[in-house]
Amino acid sequence: MPTFCMSIEPQHFHMHKFLVLPFTFLLLCACTEKNLPSDNPQSDTTPKGKVMRLHAEFSMGDHFSFIAKPSSRGTGEREQLIKGSFDQIVEVDMQDDGKSFTFRPINGKPATVVSTITEKGHSSAEDPESPILIQSTSHANFSGTIMNNLDFKIKRSEMGQGDEITMKMEGELTGEAQSIATLPDHSKTTTDEAGMWDSILEKVNPPDPHRRHYSKTWIIVPTLGTRPGNEPVAQMLYDAIIAAPSMFHQGLVTSPNRQQWHYKGTLVRADTDKPTEAMKWLETLELTLRLDPP
Numbered sequence: 012m013p014t015f016c017m018s019i020e021p022q023h024f025h026m027h028k029f030l031v032l033p034f035t036f037l038l039l040c041a042c043t044e045k046n047l048p049s050d051n052p053q054s055d056t057t058p059k060g061k062v063m064r065l066h067a068e069f070s071m072g073d074h075f076s077f078i079a080k081p082s083s084r085g086t087g088e089r090e091q092l093i094k095g096s097f098d099q100i101v102e103v104d105m106q107d108d109g110k111s112f113t114f115r116p117i118n119g120k121p122a123t124v125v126s127t128i129t130e131k132g133h134s135s136a137e138d139p140e141s142p143i144l145i146q147s148t149s150h151a152n153f154s155g156t157i158m159n160n161l162d163f164k165i166k167r168s169e170m171g172q173g174d175e176i177t178m179k180m181e182g183e184l185t186g187e188a189q190s191i192a193t194l195p196d197h198s199k200t201t202t203d204e205a206g207m208w209d210s211i212l213e214k215v216n217p218p219d220p221h222r223r224h225y226s227k228t229w230i231i232v233p234t235l236g237t238r239p240g241n242e243p244v245a246q247m248l249y250d251a252i253i254a255a256p257s258m259f260h261q262g263l264v265t266s267p268n269r270q271q272w273h274y275k276g277t278l279v280r281a282d283t284d285k286p287t288e289a290m291k292w293l294e295t296l297e298l299t300l301r302l303d304p305p
């Protein structure tokens, strides 16, 4: 079965050391099963759970900017936007003594997500005295859709009142990226690559300059309560949130009947203004899930 593994832009670990703690922890414990399979051999059998309509709407914005001082020496900016919805009749099963929800499509129909993903970025840098590279410019522009079935799991949270949601999105994007380097003799070289600030998308295999892969997992928890007392994994997650609150979305609201969930918030992953550089990295996320009669 597929598992969730947190992918918080590993390209930036050498620049943001504060990301390492929660990333290491989540690789160990942020795992769950795929709840909306596109090919379920049991889905054409008579439903054993409750049949309901599952509706989801979500949007995410990720904005990163960097300025080296003086600003003419280097700048970079990247913007990712995701927007989508899901609406389908599903079979709802409760597991773990009613703590967790499992969703399955009815009559073998694949779960369908209507979505868009875009990423745009550009950067430039110059150092006229460099013996290797006196100037560089780059840009990236990719777009696509979510290609999985919006993997997510809802379970009773040990962090606070209500539930928590683990949600993964994957997509294949098409577009182009280019970098131009100017050497000390003023000759130029051009490659189909994005600069280090322009894109955080993964390359595909076999390599294709016009295709990239997007993958990310979010863990959205309620407003924190007291530290869990009897669950070692929950304790580790709680401690990771306390140690690095800018890495986790907190404040998920669960309705009393556990049939509606909503979250809207912004993470400030970085916001610095130093004599040598200025950096800002914000992530906004809004998610609404609802179970309605079929």
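With the numbering used here, the residue at position 177 of the sequence shown is 188, and numbering never jumps. Glycine is no exception: its CB is placed at the ideal position from the N, C-alpha and C atoms.
Nearest candidate by alpha-carbon position, reference residue i, set the options
i, options, result
"W272", "S76, K164, A289 and E242", "K164"
"K166", "P233, T193 and L293", "P233"
"D162", "G173, M180, M247 and L302", "M180"
"G173", "T123, L302, V279 and G236", "G236"
"G182", "G72, F75 and I93", "I93"
"E137", "W229, D282 and K80", "K80"
"F153", "P220, K110 and V124", "P220"
"D196", "I145, R238 and I128", "I145"
"K275", "Y225, P142, L194 and G72", "G72"
"N268", "R238, S198, D303 and L293", "D303"
"I128", "D107, G155, E140 and W292", "G155"
"L298", "A254, T113, E140 and T265", "T265"
"L293", "R280, L300 and P305", "R280"
"P305", "D107, G87, S96 and I117", "I117"
"T228", "T200, R222 and I157", "I157"
"S257", "K291, L65 and N241", "K291"
"R238", "S226, S76 and I253", "I253"
One or two residues paired with residue i in a DSSP bridge
i, result
"W229", "M178"
"T202", "S190"
"K131", "E90 and N152"
"A289", "I78 and D284"
"G85", "A79 and A136"
"F259", "Paired residue(s): none; F259 is not in a bridge."
"R64", "I100 and D303"
"H273", "V264 and T299"
Coil, strand or helix - residue i by DSSP
i, result
"M17", "At M17, the pLDDT of 26 sits below 50, so the modelled position is not reliable; the number obtained from the coordinates is stated separately. M17 falls in the coil class under three-state DSSP."
"P116", "strand"
"T250", "Inspection of the sequence shows that residue 250 is occupied by Asp rather than by Thr. Three-state DSSP puts D250 in a helix."
"M105", "strand"
"S168", "coil"
"A245", "helix"
"S210", "coil"
"M9", "Because the chain here runs from 12 to 305, residue 9 falls outside it and cannot be looked at."
"S266", "coil"
"S141", "coil"
"R301", "strand"
"G240", "coil"
"E294", "strand"
"L278", "strand"
"K110", "coil"
"G173", "coil"
"H221", "coil"
"D73", "strand"
"V124", "strand"
"L184", "strand"
"T43", "Any reading at T43 must be qualified, since the residue scores a pLDDT of 36, below 50, and its modelled position is unreliable; the value itself is stated next. Reduced to three states, the DSSP call for T43 is coil."
"V31", "Caution applies to V31, whose pLDDT of 36 falls short of 50 and renders its modelled position unreliable; the value that the coordinates give is listed next. Looking at V31 - three-state DSSP - the assignment turns out to be helix."
Nearest-angstrom beta carbon gap, residue j and residue i [assumed within contact, 8 Å]
i, j, result
"L278", "H260", "7 Å"
"A251", "M170", "The pair is not a contact, with the Cβ atoms about 11 Å apart (cut-off 8 Å)."
"S168", "D209", "Going by Cβ atoms, the distance from S168 to D209 rounds to 37 Å, so no, they are not a contact pair."
"S147", "I78", "Their Cβ separation, rounded to whole angstroms, is 16 Å, which puts S147 and I78 out of contact at 8 Å."
"I231", "E175", "6 Å"
"L212", "L184", "6 Å"
"R301", "H74", "Not really, about 28 Å apart at Cβ, beyond 8 Å."
Practice problem: Say whether the stretch 96 to 113 touches the stretch 130 to 140, bearing in mind that this needs 3 or more beta-carbon pairs closer than 8 Å, one atom from each stretch. | Solution: no
Self-check item: Inter-stretch contact at 8 Å, needing at least 3 Cβ pairs: the stretch 282 to 290 / the stretch 58 to 72
Solution: no
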